[in-house]
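Working notes, structure below.
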Amino acid sequence: MNTIKNLSVWKKWILSNGLIAIISLIIIWSLIWGLDVAKVHVEDFIHNSYQLENEIREQASQVLLIAKDIRDLQINPTDTQSKISQLSVDISDFTERVIQLEKDLKSYDNINANVYKEQIEDWFIIGGNILNLISADKLDESEELIINSCTPAVAEVIKLADELTNKLSTTAQTDIESTIDMTVAIRYSAIIIVILVNVITIIIARVLGNSIVSPLKQIQSTISELEKSNYDVWIDYTSSDELGAVANNLRNMIKNTANLLNDVSDNLESIANGDLTNKPKITYPGIFNVMESSINKINLQMGTVIKQIQYSTKELNINATQILNDAELISRKVEEQEQIISDFINATDKITENTNNNVLHVEKTSKASIETKVKVEYSSKMMESMLISMKDISASSNNVSQITKIIQDIASQTNLLALNAAIEAARAGESGKGFAVVANEIRDLATKSSETVSQIDEVIKHSLHSVQKGETNAQETAKVLEEITTSMDESTKLTQEQQENTNVQKKLLGNLIKQTDVLKSAIADNAEIFKNTATVGRGLASQSEQLDEQVEKFKI
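Take -15 as the starting number for the sequence shown in this note's numbering and just add one per residue.
Here it is in structure tokens:
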């Protein structure tokens, strides 16, 4: 497509005529091919007509054969049923052939096969009646029916078949001849028309081509120069046709466009020189009116922009100075922050050292608490053993007290016996003096024993009282030791919690020191950034002054 698009008009004209010639040849060939196809269809039509004629003749022969078979069966009625069955089958097949023949003949307008079909159906009815009579062994009646009805019906069928054959042959021959004559006439007429059309087309195209190509070449040459931005060209072609109008419009376009370009060039040069007061000197027609408006808008908007730049430059200079001052102030503040962070890091290091010492002290305290707890638990166990021993002593003292009571009872009995012995010795007189002395001694011994037992009982009671008091004190001491153990457990637990909290504080202080180092690094980076900001502020102030000097060159 690109190759065809780039061809000249003359080549396109030659190509178009060549295509016309090719198309004409294709039309001629298609026409000849169509006529040949029509010829083939005509030949097929002839062939079909001959087949239909043969079918009609064969049906006529078949009618005669069936009629002959019926006549032979009437003359010689042997094996009647099988022959009648065979004839019925033949009649049924023949009926289908007649129906098909009627359908095939419907395409012929001047041939009506309905009469032929009805006559054959009438003959079939007669033949069926004859077969029924023969089957009923009514040979005379069947013979009479054959002579009076069947034979005339067969003759009528043969007659109608001959008429159909003649009509079909005549119709086919007439249609074939007219079709062939018309086909030949169409073929030659079409060839002559196509040739004439091609000749006339070539002549007209040649004339029109010469009348178009010459002015088109001039217009093409002019437009080629315009494409090169050369407006010092002119076109001399004049005419009252469309090409003349195109040439005239092209001349006006060259003139107006050259004036517009010159004015635009003057305005752009003024803008380039910084003079924004210049205006278009001619009227910009049509779409170029947008260009005129654009130039005026450029002058107006650039003037506004320059004023805004001047104002912004002054503000920028003020802001740059403020940025410089603020950056220097922030830089000093950042240095102070660096010093504060350094002092904070030193203080944090000391706190970390104290925390480490606290961790050691807490660990020692925890260890001492655990040892004290062990000793208190041991003392509690010993106190329990002592309570058991004191209970044993109390039990033994009770046993001794009971024994002393027994001894006191024995002493009382002995004293009573000694008293009785002294009384009896006194009664005996002189002979009983020695026995009285012994009785007194025994009574004194019993009295002393009783006194001694009483003293022992007092001592035992006092001991029991002391033991009970000691047991009470021991129980209270055990209770106190148990409370001390509980308190030691709580103290140990609190000490462990304090140790864990101290370890957490130690870890948090470590993280705090790390984050403080990061903060110190960030502050150092900020200090460097603000130093750079101060440098940028100085450069910005310098650039602002230069921009102000450049803007002052524009004339608004």
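Here a beta-carbon is modelled for each residue, glycine too, at the ideal position from N, C-alpha and C.
Practice problem: Using three-state DSSP, classify LYS(-11) as helix, strand or coil. | Solution: For LYS(-11), the predicted structure reports a pLDDT of 41, less than 50, and the residue's modelled location is therefore unreliable. A value from the coordinates is still provided. Correct three-state label for LYS(-11): helix.
Practice problem: Could you tell me whether the Cβ atoms of ILE104 and VAL73 are closer together than 8 Å? | Solution: It is not a contact, given that the beta carbons lie outside the stated cut-off.
Quiz item: Excluding the five sequence neighbours on either side, which residues of its own chain have a C-beta within less than 8 Å of the C-beta of ILE266, listed in chain order?
Solution: By the criterion of a C-beta distance shorter than 8 Å, ILE266 is surrounded in its chain by ASN243, LEU244 and ASP247, once the five residues flanking it on both sides are discounted.
Quiz item: With distances taken between CB atoms, is the gap from ALA97 to LEU48 smaller than 8 Å?
Solution: Their beta carbons are not under 8 Å apart, which means ALA97 does not touch LEU48 by this criterion.
Self-check item: Residues near LEU234 in its chain [Cβ-Cβ closer than 7 Å; skip 5 each side]
Solution: Counting only Cβ-Cβ distances below 7 Å, and skipping sequence neighbours, we find ILE203, THR206 and ILE219.
Quiz item: Would you say ILE50 and GLY111 are within 8 Å of each other, going by their C-beta atoms?
Solution: Yes, they are a contact pair.
Quiz prompt | Spatial neighbours of ARG55 in its chain, beta-carbon cut-off 7 Å, leaving aside the 5 residues before and after | solution = The beta carbon of ARG55 lies closer than 7 Å to those of ILE130 in the same chain, with the five residues before and after it left out.
Quiz prompt | 8 Å CB neighbourhood of ILE12 in its chain, flanking five on each side removed | solution = Within the same chain, ILE12 has close Cβ partners ALA174, ILE175 and VAL178.
Quiz item: Taking C-alpha atoms, which residue in TRP107, ASN60 and SER153 lies nearest to ARG41?
Solution: Considering only alpha carbons, the answer is SER153.
Quiz item: Which residue comes first and which comes last in the alpha helix (DSSP H) that contains TYR100?
Solution: Looking at the DSSP string, the run of the alpha helix (DSSP H) that includes TYR100 is 98 to 119.
Quiz item: With burial defined as no fewer than 16 other Cβ atoms inside 10 Å of the residue's Cβ, what is the status of LEU(-9): buried or exposed?
Solution: Note that LEU(-9) scores a pLDDT of 49, beneath 50, so its modelled location is shaky; the value from the coordinates is reported in the next line. Taking a 10 Å sphere around the C-beta of LEU(-9), we find fewer than 16 other C-beta atoms and assign the residue as exposed.
Exercise. Use the C-beta contact count for GLN58: other C-beta atoms within 10 angstroms, 16 or more gives buried, fewer gives exposed.
Key: Classification for GLN58: buried.
Exercise. Given a cut-off of 8 Å, decide if PHE108 and ILE68 are closer than it, judged by their beta-carbon atoms.
Key: Cβ distance not < 8 Å, so ILE68 and PHE108 don't count as in contact.
Quiz item: Do you know offhand how far GLN527's Cα is from THR305's?
Solution: One Cα belongs to GLN527, the other to THR305, and the distance between them is close to 12 Å.
Quiz item: What is the rounded straight-line gap between the Cα of ASN132 and the Cα of ALA139?
Solution: Going by the C-alpha atoms only, they are around 12 Å apart.
Self-check item: Whole-angstrom distance between ASN404 and THR398, CA atom to CA atom
Solution: Rounded to whole angstroms, the separation of the alpha carbons of ASN404 and THR398 is 10 Å.
Practice problem: Measure how close the beta-carbons of THR155 and ILE118 come, nearest whole angstrom, since I'm counting them as under 8 Å. | Solution: That belief does not hold up - the Cβ atoms of THR155 and ILE118 are roughly 41 Å apart, past 8 Å.
Practice problem: Pick out whichever of ASN516, HIS449, LEU9 and LEU36 has its Cα sitting closest to the Cα of LYS151. | Solution: The shortest Cα separation from LYS151 among ASN516, HIS449, LEU9 and LEU36 belongs to LEU36.
Practice problem: Figure out for me which residue from ASP393, THR241 and GLN452 has the closest Cα to the Cα of GLU211. | Solution: Among ASP393, THR241 and GLN452, the Cα nearest to that of GLU211 belongs to THR241.
Quiz item: Among ASN214, VAL230 and ILE186, which residue has its Cα nearest to the Cα of LEU200?
Solution: With respect to the C-alpha of LEU200, the residue from ASN214, VAL230 and ILE186 having the closest C-alpha is VAL230.
Quiz item: Which residue's Cα is closest to the Cα of ILE368: GLN459, ASN485 and MET237?
Solution: Note that residue 368 is Glu in the sequence shown here, rather than Ile. Out of GLN459, ASN485 and MET237, GLN459 has the C-alpha closest to the C-alpha of GLU368.
Practice problem: Give the DSSP-derived three-state secondary structure of ASP250 in the structure shown. | Solution: Here ASP250 sits in helix by DSSP.
Self-check item: Simplified DSSP state of TYR172, which is helix, strand or coil
Solution: Three-state result, TYR172: helix.
Quiz item: Taking just the CA atoms, how far does LEU71 sit from LYS87?
Solution: Those two C-alpha atoms are separated by around 25 Å.
Practice problem: Return the CA-CA distance between GLU467 and ASN495, expressed in angstroms with no decimal places. | Solution: About 41 Å.
Practice problem: Give the range of the alpha helix (DSSP H) segment to which LYS90 is assigned. | Solution: Bounds of any alpha helix (DSSP H) do not take in LYS90, whose DSSP letter is neither H nor E.
Self-check item: Counted within 10 angstroms of its Cβ, other Cβ atoms place GLU39 as buried (16 or more) or exposed
Solution: Around the Cβ of GLU39, a 10 Å sphere holds 16 or more other Cβ atoms; the residue is buried.
Practice problem: Report the three-state DSSP secondary structure of ILE407 (helix, strand or coil). | Solution: Three-state DSSP puts ILE407 in a helix.
Exercise. Quick one: using the 10 Å Cβ neighbour count with 16 as the cut-off for buried, is ALA137 buried or exposed?
Key: Classification of ALA137: buried, given that the 10 Å Cβ count is 16 or more.
Quiz item: Since LEU9 and GLN43 are thought to touch, with beta carbons under 8 Å apart, how far apart are those beta carbons, to the nearest angstrom?
Solution: That belief does not hold up - the Cβ atoms of LEU9 and GLN43 are roughly 50 Å apart, past 8 Å.
Quiz item: ASN424 to LYS365, Cα distance in whole Å?
Solution: Approximately 56 Å, taken between the alpha carbons.
Quiz item: Where does ASN309 sit, in a helix, a strand or coil, going by DSSP?
Solution: When secondary structure is reduced to three states using DSSP, ASN309 falls in the helix class.
Self-check item: Extent of the continuous alpha helix (DSSP H) to which ASP124 belongs
Solution: According to the DSSP assignment, ASP124 belongs to the alpha helix (DSSP H) that extends over 123 to 129.
Practice problem: Buried or exposed for ILE324, please, with buried defined as at least 16 other CB atoms from any protein chain shown within 10 angstroms of its CB. | Solution: By the 10 Å Cβ count, ILE324 comes out exposed.
Quiz item: Do CYS134 and ILE114 have their C-beta atoms within less than 8 Å of each other?
Solution: Taking 8 Å as the cut-off, the beta carbon of CYS134 is found closer than this to the beta carbon of ILE114.
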